[in-house]
Amino acid sequence: YEEFFSRYLVILTRRAIKWSKLLKGNNRIQKSLKVKRYIRKGIPNEHRALIWMIVSGAQANMEQNPGYYNKLLEGEKSDTLVEAIKTDMNRTFPDNVQFRKTANPCLQQTLYNVLVAYGHHNKTVGYCQGMNFIAGYLILITKNEEESFWLLDALIGRILPDYYSPAMMGLKTDQEVLGELVRKKVPAVAELMDRHGVMWTLIVSRWFICLFIDILPVETVLRIWDCIFYEGSKIIFRVALALIKQHQAFILEATNLPDICDKFKQITRGTFVTECHTFMQVSVSSLQCRTGKSYETK
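Per the UniProt record's numbering, the very first residue in the sequence shown carries number 1; after that it's consecutive.
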């Protein structure tokens, strides 16, 4: 890992210089093929929150609704919602010192505020498990409570519609779509799943719900999120397909259901996923458009 990171630091430095030239002290960028290419190659951490806010539409929404977030916090709270959120507080990144009760400042209160505000903003969704990890990541990156709220709204309200609603129809549909993509792109794995009666929901639910948090390495997750905020949920399919295609032979060694589950856990570890720059290049080209050109060429 240290060897990889020393190489990756060189890439990060080069990208940071290019991003600084692109932004030129200006906090406004327009969507373009150049920006898309830059995002796929990684957003430097110092610019990450700003770029996520702009390309997701969260910045525009926040500016169009001044004071709205604070009004949500000041309004009446649903006891059921509050109880559900409080239950998950200590389960959210227990190994991260910033989320411990003893931390100063303690990010648990920030996380609680963001989730309670969102639950009242989007009453259809309210709160469900998985949202705590996503909100927690947003808080760590933005270091800003209100920006985290609006980014959560961009993800749950627009980018991943119906992933977190009570029926989770969007989530179920996308998992079925992944199954069909695997059938076309990696048919041997699809046949293995069929033969052992394994549902894709059993294998990939956490990939979709948690957007790879605590599944892939942190830097790799952030690189995936860079693309999700710009390009949407299709990135999840590309990442999932890249993982499956890369490890097809290993997965096909499985001989029963528990074995299959174990293989899918193991493919989220190792050099392939740690080397996030190469991993993202493989992922964005794992699906091709109808012209036959790789998405990576754009």
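For glycine and all other residues, C-beta sits at the position ideal for the given N, C-alpha and C.
Per the coordinates, the alpha-carbon of R100 lies some 41 Å from the alpha-carbon of L181.
CA-to-CA, the gap between N27 and K263 works out to about 44 Å.
Per DSSP, F229 is one residue of the alpha helix (DSSP H) stretching across V218 to E231.
Put simply, of A188, L216 and D259 the residue whose alpha carbon is nearest the alpha carbon of A240 is L216. In the structure shown, the three-state DSSP call for I29 is coil. Taken through DSSP and simplified to helix, strand or coil, P44 comes out as coil. A Cβ-Cβ distance of about 6 Å is found for the pair P44 and L12, placing them in contact under the 8 Å criterion. Counted as a single uninterrupted DSSP element, the alpha helix (DSSP H) harbouring T13 occupies residues E2 to L23.
Taking 9 Å as the cut-off, the beta carbon of H277 is found closer than this to the beta carbon of K41.
Counting only the Cα atoms, L252 lies some 10 Å from I244.
Cβ neighbours of E46 within its own chain (closer than 8 Å, five residues either side excluded): A16. Between the alpha carbons of V282 and T80 lies a distance of about 44 Å. At a cut-off of 4 residues, the continuous stretches assigned as alpha helix (DSSP H) that sit fully inside the stretch 83-170 are 107-121, 131-142 and 145-153. Nearest to I235 by C-alpha distance, out of L287, I139 and K265, is L287.
Remark: three or more beta-carbon pairs, one from each stretch, lie closer than 8 Å, so the stretch 85-97 and the stretch 132-141 are flagged as touching. A distance below 6 Å between beta-carbons, with the five flanking residues on each side excluded, links I228 to the following residues of its chain, in chain order: I235. Membership of F250 in the alpha helix (DSSP H) is indicated by the continuous run Q248 to I251. Cβ atoms of Y112 and L152 stay farther apart than 8 Å, at about 13 Å. In this structure L138 is in contact with S148, their Cβ atoms being roughly 4 Å apart against a cut-off of 8 Å. Counting the other CB atoms within 10 Å of its CB gives L9 a total below 16, which places it among the exposed residues. Residue range W200 to I209 is occupied by the alpha helix (DSSP H) that includes R206. Looking at the backbone, the Cα of Q248 and that of F237 are separated by about 16 Å. In the structure shown, the three-state DSSP call for N61 is helix. Taking C-alpha positions only, F4 is separated from E275 by approximately 7 Å. DSSP places N70 in the uninterrupted alpha helix (DSSP H) bounded by Y68 to E74.
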